[in-house]
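Number of protein chains: 4
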Amino acid sequence: MTATAATTTMKSFVFDGLNKVAVVDREVPRPGPNDAVVKTTAALICTSDIHTVRGALPVEHGRALGHEAVGVVHELGSAVEGFEVGQRVLSAATTPCLQCHPCQRGYTSQCQGALGAYKFTVQRDGNMAEYFLVNDAVGNLTAIPDDVADEQAVYAPDMLTTGFAGAEHAELEIGDTVVVFAQGAVGLCATMGCKLRGAGLIITVESIPRRQELSRRFGADIVVDHTAGDTVGQIMELTGGEGVDAAIEAFGFPQTWEAALYVTKPGGRVSNIGYHGEVAEPLKVPLDAFGLGMADKQIWGGLCPGGSERMHRLLRLLQSGKIDPTPMTTHEFGFHEIEKAFRMMENKEDGMIKPLIRF
Amino acid sequence: MTATAATTTMKSFVFDGLNKVAVVDREVPRPGPNDAVVKTTAALICTSDIHTVRGALPVEHGRALGHEAVGVVHELGSAVEGFEVGQRVLSAATTPCLQCHPCQRGYTSQCQGALGAYKFTVQRDGNMAEYFLVNDAVGNLTAIPDDVADEQAVYAPDMLTTGFAGAEHAELEIGDTVVVFAQGAVGLCATMGCKLRGAGLIITVESIPRRQELSRRFGADIVVDHTAGDTVGQIMELTGGEGVDAAIEAFGFPQTWEAALYVTKPGGRVSNIGYHGEVAEPLKVPLDAFGLGMADKQIWGGLCPGGSERMHRLLRLLQSGKIDPTPMTTHEFGFHEIEKAFRMMENKEDGMIKPLIRF
Amino acid sequence: MTATAATTTMKSFVFDGLNKVAVVDREVPRPGPNDAVVKTTAALICTSDIHTVRGALPVEHGRALGHEAVGVVHELGSAVEGFEVGQRVLSAATTPCLQCHPCQRGYTSQCQGALGAYKFTVQRDGNMAEYFLVNDAVGNLTAIPDDVADEQAVYAPDMLTTGFAGAEHAELEIGDTVVVFAQGAVGLCATMGCKLRGAGLIITVESIPRRQELSRRFGADIVVDHTAGDTVGQIMELTGGEGVDAAIEAFGFPQTWEAALYVTKPGGRVSNIGYHGEVAEPLKVPLDAFGLGMADKQIWGGLCPGGSERMHRLLRLLQSGKIDPTPMTTHEFGFHEIEKAFRMMENKEDGMIKPLIRF
Amino acid sequence: MTATAATTTMKSFVFDGLNKVAVVDREVPRPGPNDAVVKTTAALICTSDIHTVRGALPVEHGRALGHEAVGVVHELGSAVEGFEVGQRVLSAATTPCLQCHPCQRGYTSQCQGALGAYKFTVQRDGNMAEYFLVNDAVGNLTAIPDDVADEQAVYAPDMLTTGFAGAEHAELEIGDTVVVFAQGAVGLCATMGCKLRGAGLIITVESIPRRQELSRRFGADIVVDHTAGDTVGQIMELTGGEGVDAAIEAFGFPQTWEAALYVTKPGGRVSNIGYHGEVAEPLKVPLDAFGLGMADKQIWGGLCPGGSERMHRLLRLLQSGKIDPTPMTTHEFGFHEIEKAFRMMENKEDGMIKPLIRF
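Residue numbers (this note's numbering), protein chains in the order written: chain A, 743 to 1101; chain B, 743 to 1101; chain C, 743 to 1101; chain D, 743 to 1101.
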């Protein structure tokens, strides 16, 4: 059950102060009794990492970035059963303890407090490093089936689980109408999620042609170009004036948040998966969009759900070929090129959607 | 099945222009095939009527006010079965058609559009009149059991159903913690509703002694006086710093709305039953209270659910003695004193909570 | 709004005593105030009709069979709004009143009592006739979009709504494992429904090659042939010994019912959409399959949900091309050949799955 | 954090072969890294212990009985945080790992397999001993508030959580009608649970006067005596022929199971919390009671839910005085009298409901 690896140092891609990143040498982490240490084989860079480096969250200087990775088990804590060194595994971007009250309640993303399951980078080193530690490994580590490749599986930890949560919190009935605002990687996965929940009409909002094309491929029936005129008006017209059953906000800006409220029917749901830290002001709920508080509109703003049971289900969808997120991988880099990849991601250069990092 | 009543005119208490009311003579309404006409025996004045007269909603001049009443069947439409002239009945304040898409979807309050089941006063004469019409009577008319008095039953159409919806939308688990903001009649009924759903700790926010006392009587474990210091701070302290599982906003002001968001745990619910038309500005969702959109907090702003099935269940609770709302009836008037009652209600004079009108 | 049609007689395909059917002349029905009369353009024969003729339900002699049809509005009741004579429409096989307590509760199939929304044939003439009446037309009549053909739309009233209900009552999470027992038309639609709800692994049980092929086409990952060995054993092996998250019983026999209980995980769901009237004995719940009553297995046996809101959503799926049930139409007949079609359906001759009847 | 206790042996009340029990000397258990060892202060004897000794479950010879106890922390595993030696605590009768797939799915009672969270006695020594071990202590150990006495708290681990689960699985709406079959301790707690969920009419079935009286005290509106005539008939009459919204089977016999199915409305729920191991035959689902599989009746047979979050909520209800189960404690014994208490419990001598054991 324990590793024999003599390796003790590794390369790690870290936050090096506001707007700065660096590759540094670090000790390979050692597991506590319930932890596992994973040797990274592939990772994705997330826009959240960009936000973090820009100061969105108070992160310790020198903390490794990254929370979307797959690898092989390197070392297991003394109390961890059910896994073997060398086995291909992943964990979600959030790694709940599964024992605290919010976790037991089913709100595992809010482990021990608001957004508390988001431990990579925020509470300890992330996984943009040659090795990374996973807490509460029995509940967080997930075996990757042989017939699912790393470049597929690496979408499960954050993109798929977040996008699908957007669709799940929309509580769609079969045949419902839904709109997804913005078709970045998370928005595209929300579109995929809406299709998986049986939506009858999926409208997405996006102006970049490559993303529009992927949006259609992943399930959009109609792509609205917000640069071509009033977005709310276009959606209302497409729904015969009645609005959609649910709106998913995957952009994280005040305008899309408010548009989501406006286009949703009375009795409909607004599901937020956008990060609203870019603009420092409170979000607004216009009284007419909200029926003066009485239109039975329901709002749910959630964070990436983790845990091995969910990861296992997402991997099953990849395994049975029901979804394929890899067309979002627009670029590929070796870990030695990580800084270049990160800088390109900051401005989404060259039409970048998700860059895959190979270790 | 049809009435023999020769009565053709009646007294009606109407909206007579901004801030004005009057008692006028009107034709007794006649039912269409699916309607019923009820002879009023008792009614309650609602704060919503006050809002209406102040211009909250665009209401036709001369429209009868009122939406909380009980009576006896006066005349039945040709297609209405299951009721008899002379039978004691009520309908909820909202009278959904039950046939349109929102109704079939279960959002009966949003019948045919936002807040569309609120037909009394808004779409047609209210029931602060000697007779009133109920649309879609088969689904809206509800027989009152012999052993439930008018003065009890009259709480079902709006106060109980609205307050209980506040508790239901809070989706309480047995033993949960909950706070109800404001203990007017609707807030008091929400408190009663929290007790009925098995809350473990019910905190209410109220400063008026008479209401504080009723609050305790109806289920509050602790009443927080918002005039005695920071409300959010008091509630956080009472919950050991972790906040409540759910907050019910029954006041309808920006401060209580925001406080509700702040005191709710990650993964908790904010249930709004307050009318937010008094302040014309959008409601605000502070980013820290909302975890930047990711704290899994869920917001539901609903309107008084109607329909005979629900009314039947509320009457059952009165019948089996499980609830008794009548201590909220602080005053009683004859219908000839309606203007006086209405004017007292405007300023909640003499500690008025709900004035009962006898016909 | 009213018809000018001088037509007063029509052909009707009726129950003519045990195991007998006949085509007879009838009066064209006239609508009451809330009804509509529809001129039939296409219909499907259902196995339930076969059961009925064999005596499964106590049906009046001479009652028209059939409950899956589409057509055009012929005449509207005086209180029916929102439709026009000549408009293409359908109603579900169940036509709930939407006003009674079970309907208001959301159990519209149980309108006014057990299975009470199944009014065609049981309570009044079915729609295997040139004209048929739809009660409570505002809530039951559904416009068919121009770009949905009759031969597609005709699957909505029973096959799609029943099969999808099977999947909905299985309460699948994204990526779940599910098994569907039997791939007749309803079972095939359940398979389609499982795919629409995002199942990760769909196993079906069927031995007839044509149905196996359709099963794969509609979403099955693996088709188990029950004639090739122990069905429960095969399913347990396919799921690594842990069983499925949910089992859908679409056959209606004691063996499949019990197998469904056995292959379902603790905490899983058994969704029954099979008709269990063929074998007169009580269904059995084996104690080991049910964890002595404590394995948190949940059983739901439902009936075809109706109402225009649901039909509207099903038609949307056809309209946006997300589903296509027409490969199940193995045969086509004119209404004058109805007896022949019915007799072939009795024994599923010539690989019949669903025969379409053109009027 | 660790104990200094020199104590190494203890008295333990064990299964000593079919129909035999004994008090024996045992080693005080030592915790693994995630475990805690608790020094028992009070316990209840459960009818399940009686079943076990009669051979209901294959239990190892010499295994300690008991699963309802409270105590103080004696020793904590190296990885256990948040508790202190000497602190008053309890754990539920089921002690889920909270990490496996069923646990993550929310079916914690089915931890790692059917009924798998029921570890006391079945998988390791129970807590009818001077000390007992609790696995996964962070998620299972629950602090008892100072103002909740041992004799109150000791009802939380099994009686309250099981009875309340019975009511929760009945999915009651406010004002619903419900029947609880049998008013032993679990049935009485189900009655209490129905009241906590806002049932409008609670009917219970019981013939023993002392239990009938407690039933009324805990929430029953009407107690039906099954010895006074046909139970199903009596319940149908009390509900005006329509049956109840939900039935809770807390007896565990074929007759009550079937009666529960018969008295439940179409669209209603049957919640089983009875242990059905006494009669070796499969349970029966009569076709007429089940609408031939289509009456939308839902059946859920569950097992005692555990975990500290739930225990915490149950303790809150005791703390705020909303429930008081202690009237069920009909007898009290010292641990040295445990055999006598157990023998009396076998035949419910002297009107015994629950005997409290003091350590």
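Quick reminder that beta carbons are idealized off the backbone N, C-alpha and C, glycines included.
Got a sec, what are the start and stop residues for the beta strand (DSSP E) Tyr873(C) sits in? Within the third sequence, numbered from 1, the residue matching residue 873(C) stands at position 131. Residues 873 to 876.
Would you mind listing the beta strand (DSSP E) stretches within the region 905 to 939 of chain C that are 3+ residues and don't spill past its ends, in chain order? 919 to 923
In the DSSP assignment, what are the bridge partners of His816(D)? Along the fourth sequence, read from residue 1 onward, the residue named residue 816(D) stands at position 74. Answer is none; His816(D) lacks a bridge partner.
From Gln854(A) to Cys839(A), what distance separates their C-alpha atoms? Residue mapping note: residue 854(A) aligns to position 112 of the first sequence, counting from 1. Residue mapping note: residue 839(A) aligns to position 97 of the first sequence, counting from 1. Distance between the alpha carbons of Gln854(A) and Cys839(A): 8 Å.
List in chain order: all unbroken alpha helix (DSSP H) runs of 4+ residues lying wholly within the region 1043 to 1068 of chain A. 1050 to 1061
Distance, Glu817(A) Cα to Ala745(A) Cα: Working through the first sequence from its first residue, we reach residue 745(A) at position 3. Working through the first sequence from its first residue, we reach residue 817(A) at position 75. Confidence is the limiting factor: at Ala745(A) the pLDDT is only 47, short of 50, which leaves the residue's position unreliable and the question unanswerable from this model.
With H, G and I counted as helix, E and B as strand and the rest as coil, what does DSSP make of Thr744(A)? Here residue 744(A) refers to the residue found at position 2 when the first sequence is read from its first residue. Any reading at Thr744(A) needs caution, since the residue's pLDDT is 47, under 50, leaving its predicted position unreliable; the model's value is listed next. It is coil, neither helix nor strand.
Going by C-alpha to C-alpha distance, which of Gly1019(B), Leu760(B), Thr850(B) sits closest to Ala907(B)? Within the second sequence, residue 907(B) is the residue found at index 165, counting from 1. Of the candidates Gly1019(B), Leu760(B), Thr850(B), the one whose C-alpha sits nearest the C-alpha of Ala907(B) is Thr850(B).
To the nearest angstrom, report how far apart Tyr873(A) and Ala912(B) are at their CA atoms. Numbered from its first residue, the first sequence carries residue 873(A) at position 131. Numbered from its first residue, the second sequence carries residue 912(B) at position 170. Near 43 Å, if we compare the C-alpha coordinates of Ala912(B) and Tyr873(A).
Under 9 Å between C-beta atoms, does Ala1022(A) make it to chain B? Looking up residue 1022(A) in the first sequence gives position 280. Output row for Ala1022(A): interface = yes.
Alpha carbon to alpha carbon, how far is Asp963(A) from Gln976(A)? In the first sequence, the residue the question calls residue 963(A) occupies position 221. In the first sequence, the residue the question calls residue 976(A) occupies position 234. Distance between the alpha carbons of Asp963(A) and Gln976(A): 14 Å.
7 Å Cβ cut-off: residues of chain C touching Lys1090(D): Locating residue 1090(D) in the fourth sequence gives position 348, counting from the first residue. Residues of chain C passing the Cβ test: none, with the nearest at roughly 21 Å.
So Gly983(D) contacts chain C; which residues on that side make the cut at Cβ distance below 9 Å? Counting from one through the fourth sequence, the residue named residue 983(D) turns up at place 241. Those within 9 Å of Gly983(D) in chain C number zero; the least Cβ separation is about 10 Å.
What does Glu991(A) pair with, by DSSP beta-bridge criteria? The count along the first sequence starts at 1 and reaches residue 991(A) at position 249. Its beta-bridge partners are Phe923(A), Asn1014(A).
Which term fits Arg1085(D), buried or exposed, when burial requires 16 or more other beta carbons within 10 angstroms of its beta carbon? On the fourth sequence, residue 1085(D) is found 343 positions in, with the first residue counted as 1. Arg1085(D) should be labelled exposed.
If you draw a straight line from the C-alpha of Val1005(B) to the C-alpha of Ala927(B), how long is it? Locating residue 1005(B) in the second sequence gives position 263, where the first residue counts as 1. Locating residue 927(B) in the second sequence gives position 185, where the first residue counts as 1. Cα-Cα distance, rounded: 23 Å.
Using the C-alpha atoms, what's the distance from Val815(B) back to Ile886(B)? Residue 886(B) sits at position 144 when you count from the first residue of the second sequence. Residue 815(B) sits at position 73 when you count from the first residue of the second sequence. Their backbone Cα atoms lie some 11 Å apart in a straight line.
According to DSSP, is Ile1104(A) helix, strand or coil? Chain A is shown from 743 up to 1101; residue 1104(A) falls before or after that span and cannot be answered.
Pairwise C-alpha distance: Thr1071(A) and Ile787(A): On the first sequence, residue 787(A) is found 45 positions in, with the first residue counted as 1. On the first sequence, residue 1071(A) is found 329 positions in, with the first residue counted as 1. Each residue's alpha carbon lies about 11 Å from the other.
On a CA-only basis, which of Asp791(B), Met1087(B), Arg952(B), Pro899(B) is nearest Val831(B)? Give me that one, please. Taking the second sequence and counting its residues from 1, the one referred to as residue 831(B) is at position 89. Closest option to Val831(B), Cα to Cα, is Pro899(B).
Can you list, in chain order, the residues of its chain whose CB lies under 7 Å from that of Ile1065(A), leaving out five sequence neighbours each side? The count along the first sequence starts at 1 and reaches residue 1065(A) at position 323. Hits under 7 Å: Met934, Leu1059.
Are the region 1039 to 1053 of chain A and the region 1024 to 1044 of chain B touching, with three or more C-beta to C-beta distances below 8 Å? yes
Using only CA atoms, which one of Val827(A), Ser949(A), Val756(A), Arg953(A) lies nearest to Gly971(A)? Within the first sequence, the letter at position 229 stands for residue 971(A). Nearest C-alpha to Gly971(A): Ser949(A).
In chain order, what residues of the same chain have a beta carbon less than 7 Å from the beta carbon of Ser1050(A), not counting five sequence neighbours either side? Indexing the first sequence from 1 puts residue 1050(A) at position 308. Closer than 7 Å at Cβ, skipping near neighbours: Gly881, Asn882, Leu883, Thr884.
Flag Lys762(A) as yes if its beta-carbon sits less than 9 Å from any beta-carbon of chain C, otherwise no. Against the first sequence, residue 762(A) aligns to sequence position 20. No, Lys762(A) lies away from the interface with chain C (no Cβ there is under 9 Å from its Cβ).
Can you pull the chain B residues whose beta carbon is under 7 Å from the beta carbon of Asp900(A), in chain order? Locating residue 900(A) in the first sequence gives position 158, where the first residue counts as 1. Under the 7 Å cutoff, chain B gives no residues; its nearest Cβ is about 13 Å from Asp900(A).
Range covered by the beta strand (DSSP E) that runs through Met1087(B): Your numbering for residue 1087(B) matches position 345 in the second sequence. Looking at the DSSP string, Met1087(B) is not in any beta strand (DSSP E); the run it does join, the alpha helix (DSSP H), is 1080 to 1088.
Proximity below 9 Å, CB of Leu1098(D) to CB of Phe1075(D): Taking the fourth sequence and counting its residues from 1, one reaches residue 1098(D) at position 356. Taking the fourth sequence and counting its residues from 1, one reaches residue 1075(D) at position 333. In this structure, Phe1075(D) lies closer than 9 Å to Leu1098(D) by Cβ.
With Pro838(D) as the anchor, note down where its beta strand (DSSP E) starts and where it stops. For the purposes of this step, residue 838(D) is taken as the residue at position 96 of the fourth sequence. Segment: none, Pro838(D) is in no beta strand (DSSP E) and carries neither H nor E.
Output needed in chain order: residues of the region 862 to 880 of chain D with a Cβ under 8 Å from some Cβ in chain A. Asp878, Val880
For Gly1093(C), does the three-state DSSP call read helix, strand or coil? Along the third sequence, one-based indexing puts residue 1093(C) at 351. Of the three classes helix, strand and coil, the one that applies to Gly1093(C) here is helix, per DSSP.
Using the beta-carbon count (16 or more within 10 Å), is Met743(C) buried or exposed? Counting from one through the third sequence, the residue named residue 743(C) turns up at place 1. Any reading at Met743(C) needs caution, since the residue's pLDDT is 41, under 50, leaving its predicted position unreliable; the model's value is listed next. Counting Cβ neighbours within 10 Å, Met743(C) comes out exposed, since fewer than 16 surround it.
Within chain D, partners of Phe1054(A) - CB distance below 8 Å: The count along the first sequence starts at 1 and reaches residue 1054(A) at position 312. Phe is not the amino acid found at residue 1054(A); the sequence shown has His there. Near His1054(A) (Cβ distances below 8 Å), the residues of chain D are His843.
Through-space distance from Gln865(A) to Thr836(A), alpha-carbon basis: Residue numbering aside, residue 836(A) sits at position 94 when the first sequence is read from its first letter. Residue numbering aside, residue 865(A) sits at position 123 when the first sequence is read from its first letter. Looking at the two C-alpha atoms, the distance is approximately 11 Å.
Below 6 Å CB to CB, which residues in the same chain sit around Gly868(B) once its five sequence neighbours on both sides are set aside? Along the second sequence, one-based indexing puts residue 868(B) at 126. Correct list, in chain order: Ala806, Leu807, Gly808, His809, Phe862.
For the region 1015 to 1039 of chain D, which residues have a CB atom closer than 7 Å to at least one CB atom of chain C, in sequence order? Gly1016, Tyr1017, His1018, Gly1019, Pro1024, Leu1025, Lys1026, Val1027, Pro1028, Leu1029, Phe1032, Gly1033, Leu1034, Gly1035, Met1036, Ala1037, Asp1038, Lys1039
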